[in-house]
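Engineer:
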Ligand code: PA5
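Residue numbers (the UniProt record's numbering): 2 to 447.
1) Are the stretch 315–326 and the stretch 114–128 touching, with three or more C-beta to C-beta distances below 8 Å?
2) Less than 6 Å between the CB of residue 321 and some heavy atom of the ligand PA5, yes or no?
3) From the DSSP output, in three-state form, read off residue 232 for me.
4) Would you kindly report the start and end of the unbroken beta strand (DSSP E) that includes residue 331?
5) Could you tell me which residues DSSP pairs with residue 300 in its beta bridges?
6) Residue range of the beta strand (DSSP E) that residue 385 falls in?
7) Looking only at DSSP bridge pairs, what is residue 338 linked to?
8) Count the other CB atoms within 10 Å of the CB of residue 249; is the residue buried (16 or more) or exposed (fewer)?
9) Give the DSSP-derived three-state secondary structure of residue 10 in the structure shown.
10) In whole angstroms, what separates the C-alpha of residue 377 from that of residue 263?
11) Can you tell me whether residue 202 is helix, strand or coil according to DSSP?
12) Buried or exposed, going by whether 16 or more other CB atoms sit within 10 Å of the CB of residue 322?
13) To test your reading of the DSSP string, which unbroken alpha helix (DSSP H) runs of 4 or more residues are found completely within the stretch 120–145?
14) CB-CB under 7 Å to residue 45, same chain, minus the five flanking residues each way: which ones, in chain order?
15) Run the proximity test for residue 163: is its beta-carbon closer than 6 Å to any non-hydrogen atom belonging to the ligand PA5?
16) Any idea what DSSP makes of residue 91, helix, strand or coil?
17) What does the Cβ neighbour count give for residue 119, buried or exposed, with the cut at 16 atoms within 10 Å?
18) What does DSSP give as the partner residue(s) for residue 196 in the beta ladder?
19) Where does residue 111 fall in DSSP's three states?
20) Based on Cα-Cα distance, which residue from 440, 438 and 408 lies nearest to residue 25?
21) Does the distance between the C-beta of residue 83 and the nearest non-hydrogen atom of the ligand PA5 fall short of 6 Å?
22) Excluding five sequence neighbours on each side, which residues of the same chain lie with their C-beta closer than 7 Å to the C-beta of residue 170?
23) Under 6 Å from any heavy atom of the ligand PA5, does the C-beta of residue 142 make it?
24) Going by the beta-carbon positions, is the gap between residue 384 and residue 208 smaller than 7 Å?
25) So does residue 292 have its beta carbon nearer than 6 Å to some heavy atom of the ligand PA5?
26) Using only the alpha-carbon positions, how far apart do residue 437 and residue 424 sit?
27) Please list, in chain order, all residues of the same chain as residue 65 whose beta carbon is under 7 Å from its beta carbon, the five residues on each side excluded.
28) Based on the DSSP secondary-structure assignment, which residues constitute the bridge partners of residue 31?
29) Just the Cα atoms here: how many angstroms apart are residue 50 and residue 417?
30) At a cut-off of 6 Å, would you count residue 87 as near the ligand PA5, judging by its Cβ distance to the nearest heavy atom?
31) Report the residue from 382, 229 and 331 whose alpha carbon sits nearest the alpha carbon of residue 361.
32) Smallest Cα separation from residue 420: which of 344, 115, 82 and 27?
33) Would you check whether the ligand PA5 has a heavy atom nearer than 6 Å to the C-beta of residue 376?
34) Is any heavy atom of the ligand PA5 found at a distance shorter than 6 Å from the C-beta of residue 205?
35) Rounded to whole angstroms, what is the Cα-Cα separation between residue 218 and residue 94?
36) Closer than 6 Å: is that where the CB of residue 146 sits relative to any heavy atom of the ligand PA5?
Have a look at this one:
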């Protein structure tokens, strides 16, 4: 079974014949990807990743995960952006909602560092790891990113003080460029176990490299199934040339048509709290890939039904510049039925015998109809259940659709020149060597 896309609730806003006009643009984009002739063609390594990851490589990742698990109650994953969100998205999607409170669990708790520079966050983290056995996976493709570099400096010193230099070495794994960058140099000097990030895979497309796979394996999930899901979606997306039948191309086209019609914001909707970070991963993927040259859909997300009680009013009735993409889940893993209550003071007895998932589903359908009626096109993307296999499918689905969508929009979906501006200002304000002139200019502005 594959994930399913349903665009019928966009058809009040666009027509099938409009979709058809994109057939040649989609074919060109697909060709540019397959033949590596489009913009950013030196960053297409992610396209073939699912087929390139062999079982020996997965075994090496699993062995390393096993080693860290055997000596740790907590594993801290250090990274930011593309070196953080993929692992967090998948681990959250698959984990027990209260895994941090489960007693007697076999797997270490995965915590994160270096995804912000907040002093309180990192001080609290150090307090927690100091009460437990822990190890660190440090991830940075460039090896020079400020946030994870600061966090790793703190954790490395802490580990060395606690376990000694040799002991710390056993507890640190570095994932970085195969050759360049400060982290590769440090890992070589210190003798850390390392994994490489292929140079032709950009951060936001790297979840199916050790960047995502090692933390996911540490958290106890089946990375083979994740890769199989991605592999199956790769095959499906390549073997279906007809636009209407290819979910990947169809999603890319529909969002571009809606964008052209003034729907400038896409809201990814979920009804399951464990998908919140999947939306964060998606936001980076689409925001960083398409938001450039003065163009690009603004990717937003909401968690329903929670946010129906906060953002629901705006979505139903606010400026009509949005569309929604619902990440729909057919079945939950566990079932809970609504119990009978003899007093029925809350008037909920009409729901007795229904499962929570049934109620959640009707909330989803009711909301969908209300929002479409209110002028918000809705795309539906449905998976049968949240597991490694379908998350793998979704990852590849969104990555490939993002690349095609970016080419349709005529941007380079694989660069991110805009993220340098804040870095330069920060370096200048912090007094980094070489930034003296910029520092003066900035201080004059302040
Ligand atoms: O997608 C990207 O390129 C960014 O989000 C990077 O992943 C992020 O800045 C972290 O970079 P690095 O892995 O080099 O530390």
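In this text, a Cβ means the ideal position worked out from N, Cα and C, and glycines have one as well.
Structural biologist: Based on what the coordinates show:
1) As far as the Cβ criterion goes, the stretch 315–326 does not touch the stretch 114–128, which means the pair count is below three.
2) In the chain shown, counting from the first residue as 1, residue 321 sits at position 320. Checking the Cβ of residue 321 against the ligand PA5 gives no.
3) Start at 1 with the first residue of the chain shown, and residue 232 comes out as number 231. Note: residue 232 maps to helix in three-state DSSP.
4) Numbered from its first residue, the chain shown carries residue 331 at position 330. Run containing residue 331: 323–332, per the beta strand (DSSP E) assignment.
5) Here residue 300 corresponds to residue number 299 of the chain shown, with the count starting at 1. Answer is 267, bridged to residue 300.
6) Residue mapping note: residue 385 aligns to position 384 of the chain shown, counting from 1. Taken as a continuous stretch (DSSP letters only), the beta strand (DSSP E) holding residue 385 covers 379–386.
7) For the purposes of this step, residue 338 is taken as the residue at position 337 of the chain shown. According to DSSP, which records beta bridges pairwise, residue 338 is partnered with 356.
8) Position 248 of the chain shown, counted from the start, is the residue given in the question as residue 249. Taking a 10 Å sphere around the C-beta of residue 249, we find 16 or more other C-beta atoms and assign the residue as buried.
9) The residue labelled residue 10 in the question sits at position 9 within the chain shown. Residue 10 carries a helical assignment under DSSP once its states are collapsed to helix, strand and coil.
10) Looking up residue 377 in the chain shown gives position 376. Looking up residue 263 in the chain shown gives position 262. So the two alpha carbons sit approximately 11 Å from each other.
11) Locating residue 202 in the chain shown gives position 201, counting from the first residue. Note: residue 202 maps to coil in three-state DSSP.
12) Stepping through the chain shown from its first residue, residue 322 is reached at position 321. By the 10 Å Cβ count, residue 322 comes out exposed.
13) For the stretch 120–145, the full-length alpha helix (DSSP H) segments reaching 4 residues or more read 120–130 along the chain.
14) Stepping through the chain shown from its first residue, residue 45 is reached at position 44. So the qualifying residues of the chain are 34, 37 and 201.
15) Here residue 163 corresponds to residue number 162 of the chain shown, with the count starting at 1. The answer is no for residue 163.
16) Within the chain shown, the letter at position 90 stands for residue 91. If DSSP states are grouped into helix, strand and coil, residue 91 belongs with the helices.
17) Stepping through the chain shown from its first residue, residue 119 is reached at position 118. It is exposed - the Cβ of residue 119 has fewer than 16 other Cβ atoms within 10 Å.
18) The sequence position of residue 196 within the chain shown is 195, counting from 1. Partner(s): 176.
19) As a working note, residue 111 is residue 110 in the chain shown. The DSSP-derived three-state label of residue 111 is strand.
20) Numbered from 1 along the chain shown, position 24 holds the residue referred to as residue 25. Just measuring C-alpha positions, the residue of 440, 438 and 408 sitting nearest residue 25 is 408.
21) For the purposes of this step, residue 83 is taken as the residue at position 82 of the chain shown. The answer is yes for residue 83.
22) Here residue 170 refers to the residue found at position 169 when the chain shown is read from its first residue. Cβ within range, chain order: 191, 192 and 193.
23) Reading the chain shown from its first residue, position 141 is the one you call residue 142. Of the heavy atoms belonging to the ligand PA5, at least one sits nearer than 6 Å to the Cβ of residue 142.
24) In the chain shown, the residue the question calls residue 384 occupies position 383. In the chain shown, the residue the question calls residue 208 occupies position 207. Cβ atoms of residue 384 and residue 208: not closer than 7 Å.
25) Within the chain shown, numbered from 1, the residue matching residue 292 stands at position 291. No, the Cβ of residue 292 stays beyond 6 Å of every heavy atom of the ligand PA5.
26) Residue mapping note: residue 437 aligns to position 436 of the chain shown, counting from 1. Residue mapping note: residue 424 aligns to position 423 of the chain shown, counting from 1. Rounded to whole angstroms, residue 437 to residue 424 spans 14 Å at the Cα level.
27) Here residue 65 refers to the residue found at position 64 when the chain shown is read from its first residue. Excluding residues within five positions, the ones whose Cβ falls inside 7 Å are 174, 194 and 215.
28) Residue numbering aside, residue 31 sits at position 30 when the chain shown is read from its first letter. Looking at the DSSP assignment, residue 31 forms no beta bridge with any residue, so it has no partner.
29) Residue 50 sits at position 49 when you count from the first residue of the chain shown. Residue 417 sits at position 416 when you count from the first residue of the chain shown. Roughly 21 Å separates the two Cα atoms.
30) Taking the chain shown and counting its residues from 1, the one referred to as residue 87 is at position 86. No, the beta carbon of residue 87 sits no closer than 6 Å to any heavy atom of the ligand PA5.
31) Indexing the chain shown from 1 puts residue 361 at position 360. For the residues 382, 229 and 331, the minimum Cα distance to residue 361 belongs to 331.
32) Numbered from its first residue, the chain shown carries residue 420 at position 419. Among 344, 115, 82 and 27, the Cα nearest to that of residue 420 is on 82.
33) As a working mapping, residue 376 is identified with position 375 in the chain shown. Residue 376: no, Cβ never under 6 Å from the ligand PA5.
34) The residue given as residue 205 occupies position 204 in the chain shown. In this structure, residue 205 has its CB closer than 6 Å to one or more heavy atoms of the ligand PA5.
35) To locate residue 218, count along the chain shown from 1; it is residue 217. To locate residue 94, count along the chain shown from 1; it is residue 93. Taking the straight line from one Cα to the other gives about 14 Å.
36) Here the question's residue 146 lines up with position 145 in the chain shown. At least one heavy atom of the ligand PA5 is found less than 6 Å from the C-beta of residue 146.
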